[in-house]
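K.L.:
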Amino acid sequence: MVDNDVNLMALGEAEQGGAETPLLCIKIASGIGAGLVTAGGDVYRGADGAAGDIGHTRAVSGGNVLCVCGSVGCVGAIASHRAVLRGLGIPESTDDDPLHGTRVLAQRVAEAWAGPRGARRGRRRPSVRPPGPGKSGTPPPRRTGRRG
Ligand SMILES: [Zn+2]
11 MVDNDVNLMA LGEAEQGGAE TPLLCIKIAS GIGAGLVTAG GDVYRGADGA
61 AGDIGHTRAV SGGNVLCVCG SVGCVGAIAS HRAVLRGLGI PESTDDDPLH
111 GTRVLAQRVA EAWAGPRGAR RGRRRPSVRP PGPGKSGTPP PRRTGRRG
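Remember, the numbering used here sits 10 above the position in the sequence shown when you count from 1.
(1) Under 8 Å, do G65 and V82 count as touching if we go by C-beta distance?
(2) Please check the pair L33 and E23, which I expect to be a contact at CB under 8 Å, by giving their CB distance rounded to whole angstroms.
(3) Mind the definition here: the region 42-60 touches the region 85-98 only if three or more C-beta pairs lie below 8 Å; say whether that holds.
(4) Check whether the Cβ of C35 sits closer than 7 Å to any heavy atom of ligand 1, and report yes or no.
(5) Look up D115 in the DSSP assignment and say whether it is helix, strand or coil.
(6) Decide if G111 is buried, meaning its Cβ has at least 16 other Cβ atoms within 10 Å, or exposed.
(7) Please go through the same chain and pick out, in chain order, the residues whose beta-carbon is closer than 8 Å to the beta-carbon of T31, but skip the five residues on each side of it.
(8) Suppose you measure from the CA of V70 to the CA of A120; what does that come to, to the nearest Å?
(9) Helix, strand or coil for R68? Go by DSSP, reduced to three states.
(10) So if DSSP puts A44 in a beta bridge, which residue, or which two residues, is it bridged to?
(11) I'd like to confirm the pairing. Which residues does DSSP put opposite L76 in its beta bridges?
(12) Quick one: residues with CB closer than 5 Å to any heavy atom of ligand 2, in chain order, please.
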């Protein structure tokens with residue numbers, strides 16, 4: 011099977027992951043895209059085949075950031091992994107490390123998550139918390155099986 015990566019991710023979640031359909035799967039990477047799976051288990055492509063191209067939706071406060079599509083203010087141009095790196099002034103890659111930006115961003119998130127010194131002793135709460143179960147009591151995402 012050959013298809014767009016996020017369409018295949020959505021199909022995988024629907025068919026193998028036990029996710030309930032209809033299903034919307036959003037991928038945030040160098041751009042932002044979505045895979046949509048209908049209640050019948052098919053990828054929904056829309057009239058022009060671009061139903062999942064949500065990264066090129068104009069953001070309300072998108073400003074004048076130029077997108078690879080040529081428009082300005084697209085969601086992907088301001089909120090993708092690449093856009094976040096650009097906004098923080100972190101190079102996406104270097105001559106020795108093609109994943110430089112990813113590594114630096116992961117380190118910064120880990121540092122923010124750990125919080126300032128003393129946070130582990132419970133004096134201060136970290137400013138960033140992971141999703142899912144934990145001290146916040148937030149339950150994990152609900153997953154239900156699809157019959158058929
Ligand atoms: Zn665009």
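Glycine residues also receive a C-beta, built at the ideal position from the N, C-alpha and C atoms.
P.N.:
Once the coordinates are examined:
(1) no
(2) 6 Å
(3) yes
(4) no
(5) The sequence given here has Leu at residue 115, not Asp. Of the three classes helix, strand and coil, the one that applies to L115 here is helix, per DSSP.
(6) buried
(7) A24, V47, T48, A49, G50, G51, R156
(8) 30 Å
(9) strand
(10) I36
(11) V82
(12) Absent from the structure shown: ligand 2. Ligands present: ligand 1.
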